[in-house]
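**Student:** Counting from 1, one number per residue, gives the positions in the sequence shown under full-length UniProt numbering. Beta carbons are placed, not taken as given, at the ideal position from N, Cα and C, and that holds for glycine. After the structure tokens below, expect a handful of questions from me.
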Amino acid sequence: MTSRFNKIEKQQLQVQTFQGGRPSSTPNCSSKVSEKYSCKATVYPRKMTTAPLRVVVTGAAGQIAYSLLYMIAKGDVFGPNQPIILHLLDIPPMMGVLEGVVMELADCALPLLHDVISTDEPSDAFRDVTAAFLVGAMPRKQGMERKDLLSANVKIFKVQGEALNKYAKKDVKVLVVGNPANTNALICAKYAPSIPKQNFTAMTRLDQNRAQAQIAERLGIPVSQVSNIIIWGNHSSTQFPDASHAVVEEHGQTTSVPEALQDAAWLNSVFVETVQKRGAAVINARKMSSAMSAAKAAADHMKDWFSGTIAGKFVSMGVISDGSYGAPKDVIFSFPVTIRGGKWQIVQDLEISDFARNLLDITGKELEEERQEALQIIEA
Ligand SMILES: NC(=O)c1ccc[n+]([C@@H]2O[C@H](COP(=O)([O-])OP(=O)(O)OC[C@H]3O[C@@H](n4cnc5c(N)ncnc54)[C@H](O)[C@@H]3O)[C@@H](O)[C@H]2O)c1
Numbered sequence: 001m002t003s004r005f006n007k008i009e010k011q012q013l014q015v016q017t018f019q020g021g022r023p024s025s026t027p028n029c030s031s032k033v034s035e036k037y038s039c040k041a042t043v044y045p046r047k048m049t050t051a052p053l054r055v056v057v058t059g060a061a062g063q064i065a066y067s068l069l070y071m072i073a074k075g076d077v078f079g080p081n082q083p084i085i086l087h088l089l090d091i092p093p094m095m096g097v098l099e100g101v102v103m104e105l106a107d108c109a110l111p112l113l114h115d116v117i118s119t120d121e122p123s124d125a126f127r128d129v130t131a132a133f134l135v136g137a138m139p140r141k142q143g144m145e146r147k148d149l150l151s152a153n154v155k156i157f158k159v160q161g162e163a164l165n166k167y168a169k170k171d172v173k174v175l176v177v178g179n180p181a182n183t184n185a186l187i188c189a190k191y192a193p194s195i196p197k198q199n200f201t202a203m204t205r206l207d208q209n210r211a212q213a214q215i216a217e218r219l220g221i222p223v224s225q226v227s228n229i230i231i232w233g234n235h236s237s238t239q240f241p242d243a244s245h246a247v248v249e250e251h252g253q254t255t256s257v258p259e260a261l262q263d264a265a266w267l268n269s270v271f272v273e274t275v276q277k278r279g280a281a282v283i284n285a286r287k288m289s290s291a292m293s294a295a296k297a298a299a300d301h302m303k304d305w306f307s308g309t310i311a312g313k314f315v316s317m318g319v320i321s322d323g324s325y326g327a328p329k330d331v332i333f334s335f336p337v338t339i340r341g342g343k344w345q346i347v348q349d350l351e352i353s354d355f356a357r358n359l360l361d362i363t364g365k366e367l368e369e370e371r372q373e374a375l376q377i378i379e380a
């Protein structure tokens, strides 16, 4: 079910796109569907010397991808000078919807978007990719137990891990968004033994961004003045949003968030619960889960992973646990990390209060249980 420009057409496109100086009418997307509709996007060539980066997005016909693809293709993640080849994976019944997404991408006439490959074949989706956004997952349906959801997703992420192992670049950076994100990332890494475990991460950036927004709102300051909030543990309702090490920057002065707020009771109760339950609140209001904010968070996560964190600042990512802060080893646990040269490092020696210790233990225990259930499913 995959198709793309044939090789000669592709080579011609590359020449026209990257060496020409005037608009070309050659389509810049390729898929079974875009061929059928002979995708007529106009490409405005720019002088680009950088080789295109292959980026896969799974669940490409879904609602998060609908926002995320635009952010990636316009340069928000990999920079304004980095051409992109998008690989879009979804399941066979969604190929018609994906056709529309490919048409829209073409119609955006984005100069950085070099090519689009849409497919339902993991072998094509993961071939030679340098970055992978694993968004697609089986959603929880009415009457479904947590175990049923885990069972469906463990199978999906096993297949995708195997495909990454076989076809992706060995330094591919993988971000798992699809839930249960932490355990899905663990399973994916397990089935991709030729890729370092450090290259598999789960998204807790949306929780971090939500927490940052809550603090900024409470203090009545712009969100850009709040940093170093930590999300510990699982991307679930047991996560622990921790602002005890967060800081506020105002008029050239840095103050700790607890000091600026002077409201420990709010920080330890309303704040934690609001962030933990924000996903459910959005579903109640929108009748659909968070999508625009999830896409923004995925873009933030991958951007920081590729370009690094600012000195003195850290971000939260679900990464393979080495047991830091008493977290269980070998689960994907969200920690504060700094990033240099494309490699993350867990921030060490932060003080953990008794209150925090209890919440870290609860979320760690949940991750151990999820791991056990997932392994039982696989080994059954
Ligand atoms: N980590 C986070 O912070 C966070 C935040 C929001 C949503 N999520 C999760 O992200 C996932 C996607 O959310 P959405 O709103 O885009 O859902 P959606 O239902 O709109 O889209 C999901 C897409 O994935 C596709 N898909 C299913 N199985 C697939 C497979 N095996 N291979 C490729 N594609 C497949 C579906 O066909 C669908 O098009 C969900 O699991 C959701 O719970 C995570």
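#1: Taking the alpha-carbon positions, what's the Leu350 to Pro83 distance?
#2: Between which residues of its own chain and Ala65 is the CB-CB distance below 6 Å, once the five residues before and five after are set aside?
#3: Assuming Asp120 and Ile91 are in contact, meaning their beta carbons sit under 8 Å apart, how far apart are those beta carbons, in whole angstroms?
#4: Considering only their Cβ atoms, is the gap separating Met144 from residue 381 smaller than 8 Å?
#5: If you measure between the beta carbons of Lys158 and Ile195, is that distance less than 8 Å?
#6: Ignoring anything shorter than 3 residues or poking outside the UniProt domain "Lactate/malate dehydrogenase N-terminal" (54-200), list the beta strand (DSSP E) runs there in chain order.
#7: Check whether the Cβ atoms of Pro93 and Ile230 lie closer than 8 Å to each other.
#8: For the beta strand (DSSP E) that Met317 lies in, which residues bound it at each end?
#9: Is there contact here, the stretch 290-299 with the stretch 206-217, by at least three beta-carbon pairs under 8 Å?
#10: Starting from Phe271, follow the alpha helix (DSSP H) in both directions and report where the run begins and ends.
#11: Tell me, please, which residues DSSP counts as bridged to Ala374.
#12: Count the other CB atoms within 10 Å of the CB of Gly279; is the residue buried (16 or more) or exposed (fewer)?
#13: Return the CA-CA distance between Trp344 and Gly312, expressed in angstroms with no decimal places.
#14: Taking residue 388 and Ser123 to be in contact with their CB atoms under 8 Å, please state how far apart those CB atoms are, rounded to whole angstroms.
#15: Can you tell which of Leu359, His87, Phe306 and Thr338 has its C-alpha closest to the C-alpha of Arg54?
#16: Could you say which of Ser67, Ile72, Ala185 and Tyr70 lies nearest to Ala374 if we only look at CA atoms?
#17: Between the Cα of Val129 and the Cα atoms of Arg146, Val172, Leu105 and Lys166, which residue gives the shortest distance?
#18: By the three-class DSSP mapping on this structure, what secondary structure does Gln253 have?
#19: Go to Ile352, then tell me how far its beta strand (DSSP E) extends in each direction, as first and last residue.
#20: Just to check, is the beta-carbon of Asp304 closer than 7 Å to a non-hydrogen atom of ligand 1?
#21: With a threshold of 16 other CB atoms inside 10 Å of the CB of Gly62, please say whether the residue is buried or exposed.
#22: Is the beta carbon of Asp90 within less than 7 Å of some heavy atom of ligand 1?
#23: On the three-state DSSP scale, how would you describe Pro336?
#24: By the three-class DSSP mapping on this structure, what secondary structure does Ser24 have?
#25: Leaving out five residues on either side along the sequence, give the residues of the same chain with a beta carbon under 8 Å from the beta carbon of Met292.
#26: Please determine whether the Cβ atom of Leu206 lies at a distance below 7 Å from any heavy atom of ligand 1.
#27: Please determine whether the Cβ atom of His87 lies at a distance below 7 Å from any heavy atom of ligand 1.
#28: Of the choices Ser237, Asn228 and Met103, whose alpha-carbon is the least far from that of Ala213?
#29: At which residues does the beta strand (DSSP E) containing Lys277 begin and terminate?
**Tutor:** In terms of the structure at hand:
#1: 39 Å
#2: Val57, Gly59 and Val135
#3: 6 Å
#4: Residue 381 lies beyond the stretch modelled for the chain, which goes from 1 to 380, so this question has no answer here.
#5: no
#6: 84-89, 113-119, 131-134 and 173-176
#7: no
#8: Val315 to Ile320
#9: yes
#10: Where Phe271 is concerned, there is no enclosing alpha helix (DSSP H), given that its DSSP letter is neither H nor E.
#11: Ala374 pairs with nothing; no bridge assigned.
#12: buried
#13: 14 Å
#14: Residue numbering for the chain in the displayed model covers 1 to 380; residue 388 lies beyond these limits and cannot be assessed.
#15: His87
#16: Ala185
#17: Val172
#18: strand
#19: Looking at the DSSP string, Ile352 is not in any beta strand (DSSP E), and its letter there is neither H nor E.
#20: no
#21: buried
#22: yes
#23: strand
#24: With a pLDDT of 34 at Ser24, under the threshold of 50, the modelled position of that residue is not reliable, and no figure is offered here.
#25: Ser67
#26: yes
#27: no
#28: Asn228
#29: No beta strand (DSSP E) contains Lys277, which DSSP labels as neither H nor E.
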